[in-house]
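Student: Here the UniProt record's numbering is used: position 352 in the sequence shown is 352, and no number is missing along the way.
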Amino acid sequence: MNDGAPNGADINRIILESSCDALGSAMVVCGRDDTILFASRTMLQYFPVPSEMLLPGTRLRDFLGAVYDTGVRPGTVPENSRRRTNREDWIAEHMALHWRERYENVERAGRTRWVSMRKRRLSNGIGILSITDVSDQRKRDEQLQTDLERVELTEEILDVQPNPICVKDRNLNYIAVNKAFCLIHDLSQDAILGRSAWDLVDSELAERFEHSDRRVLETGKPHSEAEHIVRADGSDLWVLTRKYRVGMPGRHFVVTCMSDVTDIAGWYNGSEDGSAPSGGLQINDYSIFAPAQNFYDPFRALNVQQLVEAGSMIETLPARGLRVLLASADRLTEDRLVARLRGSGLEACAVRNLDELTAFGMAAESAGVKLDILLLDGAFPDGQHIPGAWRNCPVVTVESDQDAAAVLTEVFRVCAERPQASPLLQSDWSISFEDEGTASVPVSQVDVLVAEDNQINQFVFTQILEGLGVSHRIAANGREAVELWHELQPALVLMDVSMPVMNGFDATVAIRTAEKARNDRTPIIAVTAQALDIDLEQCKRSGMDDHIMKPVSPDMIEAVLRKFMPVMAMRTAG
């Protein structure tokens, strides 16, 4: 195409008009002298200029002036903008743009319309301008940007909330979690998103969570219950869990908000008579809280190598509970370390100053109670005056921020280096000859059968039982425990209540059913997480004889052996 009107010009115009109609765009073609050679009728849909302004031969400057006069022109500034361009400046600016070799931009044309402008100047001087309406795309982009900003703001608001919050989709996979929820699990958001409760908690709890989630999704009725949670760091969390359904039909989500009531559950005074002005917080009624999830693994802080190194220490621990005294003026350090020591089967208490320490030592000496170890906080007042062997017990210095697991390992190490009596002395066992004439029972091939699916806990059981000189076998699930019970006829079963394939309750029922035809009974002891409220009634109904809490200690195991294994007592005594 050139400045002249070659043969077939009408055909070219018809083709260009049809193309613009089909593409929903407008086009203007200018010659080297800036006169219009072709302008599509669709241009009137964008700029309501007089129709004669689209005729060939019209000056481009006149066409741009008519566009400016309509008020609907590219580059329209917002109403609140202070920038205003006069007519001549706007025409000169766009004339200069038409002479650029290439120019593309998305500009506002009016208050609600956006157009995409593409300008080309060919080597022969012909200029081509194409205009396309992109208002819908622009609105979608703006809406997407607004949504992203809203999502970011929502995430920031949720992350600063002290209450754990999570959102699940129709498949009950986590699609949003806040930082407080991640802290419970001690996992990052990426490690939780896209997974379900079955990947994060025990199967029994996951089944219970899924049941309430499904009910909320199907009925739309909110669900609420009180729960007791143990965080990954071992601390307790008492919450009121509420679940809601949000979203549109076909796109429903479940939002779970756990309202932390730990700090508002109750208050008690610091002294029994109520005279002390300060005190602490307590739960008024623990029974209203249903067992939730215990995310605290007492052996999580210890890697396998540390456990291997501590193996010989565990073997040499005395039969009685070690007596440990902590000297620390820091209340938080006292609460943290004493709770951990007691949870590991040790007898532990604390003093807060030198006077209390002296009085404690005199009282213990007069009562004939011997301490095994004194833990001395590095910041303890006048701690430099305490000798290295205080009242014939070793003194170990600890720091207020020291990991409790490391402190426990150091206690084991120091006590292991001291000469100790054998944990199971023959003189400690009593021999019973009662009911010698009763029917004989099957001879046990092992002393203890341990049903435990966690590998680290299996290692701990092995170390303790080997240290006590007790033969044992490990079952990785409830079904395997039942099979090994039939095969080995153990004298005692330590049964973890939460296991894959078959849980401890069902395994116990299976064993009790089989015992009816054998006329004998194997003691079965339930093993459960330390702070998880076990259903003792369910233990009794399934046929369990007793229960112990994790983390297990040599004292716990020895107490169980003494209570439920008189046959082994005879064999140990010779």
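Using N, Cα and C, we set each Cβ at its ideal position, and we do this for glycine too. Since we're looking at a predicted model, the values are computed, not measured.
Looking at the C-beta of Ile91, does it have a partner C-beta in chain C at a distance below 7 Å?
Tutor: Absent here is chain C; the protein component of the structure consists of one chain.
Student: Decide if His472 is buried, meaning its Cβ has at least 16 other Cβ atoms within 10 Å, or exposed.
Tutor: To locate residue 472, count along the sequence shown from 1; it is residue 472. When all chains shown are included, His472 counts as buried.
Student: Pro101 to Leu122, Cα distance in whole Å?
Tutor: As a first step, residue 101 must be located in the sequence shown, where it is residue number 101. As a first step, residue 122 must be located in the sequence shown, where it is residue number 122. In the sequence on display, residue 101 carries Glu and not Pro. Each residue's Cα considered, the two are about 7 Å apart.
Student: Cα separation between Leu325 and Glu558?
Tutor: The sequence position of residue 325 within the sequence shown is 325, counting from 1. The sequence position of residue 558 within the sequence shown is 558, counting from 1. If I take the Cα positions, the gap works out to 23 Å.
Student: Is the number of C-beta pairs between the region 132–142 and the region 106–114 that are closer than 8 Å three or more?
Tutor: At 8 Å Cβ cutoff, the stretches touch.
Student: So Ser498 and Asp202 are in contact, right, with Cβ under 8 Å, and what is the actual spacing, rounded?
Tutor: Here residue 498 refers to the residue found at position 498 when the sequence shown is read from its first residue. Here residue 202 refers to the residue found at position 202 when the sequence shown is read from its first residue. So it is a contact: roughly 5 Å between Cβ atoms.
Student: Whose C-beta lies closer than 6 Å to the C-beta of Trp390 among residues of the same chain, with five residues either side of it excluded?
Tutor: Mapped onto the sequence shown, residue 390 falls at position 390. Leu374.
Student: On the CB-based measure, 16 or more other CB atoms within 10 Å of its CB, does Glu93 come out buried or exposed?
Tutor: For the purposes of this step, residue 93 is identified with residue 93 of the sequence shown, where counting begins at 1. By the neighbour-count rule (16 or more Cβ atoms within 10 Å), Glu93 is not buried but exposed.
Student: For Ile557, which of helix, strand or coil comes out of DSSP?
Tutor: Sequence index remark: in the sequence shown, residue 557 carries index 557 (1-based). Helix, per DSSP.
Student: Under 8 Å, with one C-beta from each stretch per pair, do the region 354–368 and the region 328–346 reach the 3-pair mark?
Tutor: Cβ pair count under 8 Å is below three, so no.
Student: Go ahead and label Trp99 buried or exposed: buried means 16 or more other beta carbons lie within 10 angstroms of its beta carbon, across all protein chains shown.
Tutor: Here the question's residue 99 lines up with position 99 in the sequence shown. Burial call: exposed.
Student: To the nearest angstrom, how far is it from the Cα of Leu53 to the Cα of Ile91?
Tutor: For the purposes of this step, residue 53 is identified with residue 53 of the sequence shown, where counting begins at 1. For the purposes of this step, residue 91 is identified with residue 91 of the sequence shown, where counting begins at 1. According to the sequence shown, residue 53 is Met rather than Leu. Whole-angstrom Cα-Cα distance: 15 Å.
Student: With a cut-off of 8 Å, do at least 3 Cβ pairs link the region 162–177 to the region 249–264?
Tutor: Yes, they touch.
Student: For Pro394, which residues does DSSP report across the bridge?
Tutor: Within the sequence shown, residue 394 is the residue found at index 394, counting from 1. In the DSSP output, where bridge partners are listed per residue, Pro394 has Ala389.
Student: Among the residues of its own chain, which have a CB less than 7 Å from the CB of Asp506, if the five just before and after it don't count?
Tutor: Taking the first residue of the sequence shown as position 1, residue 506 is located at position 506. Excluding positions up to five away in sequence, the list reads Gly478.
Student: Would you kindly work out how many angstroms separate the C-alpha atoms of Ser212 and Val448, rounded to a whole number?
Tutor: Locating residue 212 in the sequence shown gives position 212, counting from the first residue. Locating residue 448 in the sequence shown gives position 448, counting from the first residue. In a straight line, the C-alpha of Ser212 is about 39 Å away from that of Val448.
Student: Tell me, please, which residues DSSP counts as bridged to Thr528.
Tutor: By 1-based counting over the sequence shown, the position of residue 528 is 528. According to DSSP, which records beta bridges pairwise, Thr528 is partnered with Met549.
Student: Would His543 and Arg512 be called neighbours here (beta carbons separated by less than 7 Å)?
Tutor: To locate residue 543, count along the sequence shown from 1; it is residue 543. To locate residue 512, count along the sequence shown from 1; it is residue 512. One point to set straight first is that residue 543 is Gly, not His, in the sequence displayed. Cβ atoms of Gly543 and Arg512: closer than 7 Å.
Student: Could you tell me which residues DSSP puts in a beta bridge with Cys30?
Tutor: Along the sequence shown, read from residue 1 onward, the residue named residue 30 stands at position 30. Answer is Ile36, Gly127, bridged to Cys30.
Student: Drop a sphere of 10 angstroms on the beta-carbon of Val493, count the other beta-carbons inside from all chains shown, and report buried for 16 or more, exposed for fewer.
Tutor: Taking the first residue of the sequence shown as position 1, residue 493 is located at position 493. It counts as buried.
Student: For a minimum of 4 consecutive residues, which ranges assigned as the alpha helix (DSSP H) are wholly contained in the region 86–137?
Tutor: As far as the region 86–137 is concerned, its whole alpha helix (DSSP H) runs of at least 4 residues are 87–98.
Student: Got a sec? Which residues, its chain only, sit under 8 Å from Val509 by beta carbon, not counting five neighbours each side?
Tutor: Sequence index remark: in the sequence shown, residue 509 carries index 509 (1-based). The residues are Ser542, Gly543.
Student: Express the C-alpha separation of Arg150 and Ile11 in angstroms, rounding to a whole number.
Tutor: Position 11 of the sequence shown, counted from the start, is the residue given in the question as residue 11. Position 150 of the sequence shown, counted from the start, is the residue given in the question as residue 150. One C-alpha to the other measures close to 53 Å.
Student: Measuring CA to CA, which of Glu104, Cys257, Asn457 is closest to Leu158?
Tutor: As a working mapping, residue 158 is identified with position 158 in the sequence shown. It is Cys257.
Student: Using 10 angstroms around the beta-carbon of Asp377, count the other beta-carbons present and answer buried if the total reaches 16, otherwise exposed.
Tutor: Residue numbering aside, residue 377 sits at position 377 when the sequence shown is read from its first letter. So Asp377 counts as buried.
Student: Among residues of its own chain, excluding the 5 on either side of Met27, which ones have a beta-carbon nearer than 6 Å to its beta-carbon?
Tutor: Here residue 27 is taken as the residue at index 27 of the sequence shown, counted from 1. Result list for Met27: Cys20, Ser40, Ser130, in chain order.
Student: Hey, quick one: how far does the beta strand (DSSP E) through Gly247 stretch, first residue to last?
Tutor: Locating residue 247 in the sequence shown gives position 247, where the first residue counts as 1. Where Gly247 is concerned, the enclosing beta strand (DSSP E) stretches over 236–248.
Student: Looking at the unbroken beta strand (DSSP E) that takes in Lys370, where does it start and where does it end?
Tutor: The residue you call residue 370 lines up with position 370 of the sequence shown. First-last for Lys370: undefined, no H or E at that position.
Student: Rank Asn519, Val450, Gln455 by C-alpha distance to the C-alpha of Pro490 and give the top, closest one.
Tutor: Indexing the sequence shown from 1 puts residue 490 at position 490. With distances taken between Cα atoms, Pro490 lies closest to Val450.
Student: Taking the beta strand (DSSP E) that Val67 falls in, what are its first and last residues?
Tutor: For the purposes of this step, residue 67 is taken as residue 67 along the sequence shown, with counting starting at 1. Segment 60–70 is the alpha helix (DSSP H) holding Val67; no beta strand (DSSP E) there.
Student: For Pro554 and Ala476, I'd like the C-alpha separation in whole angstroms.
Tutor: Sequence index remark: in the sequence shown, residue 554 carries index 554 (1-based). Sequence index remark: in the sequence shown, residue 476 carries index 476 (1-based). Using only the alpha carbons, I get a separation of about 21 Å.
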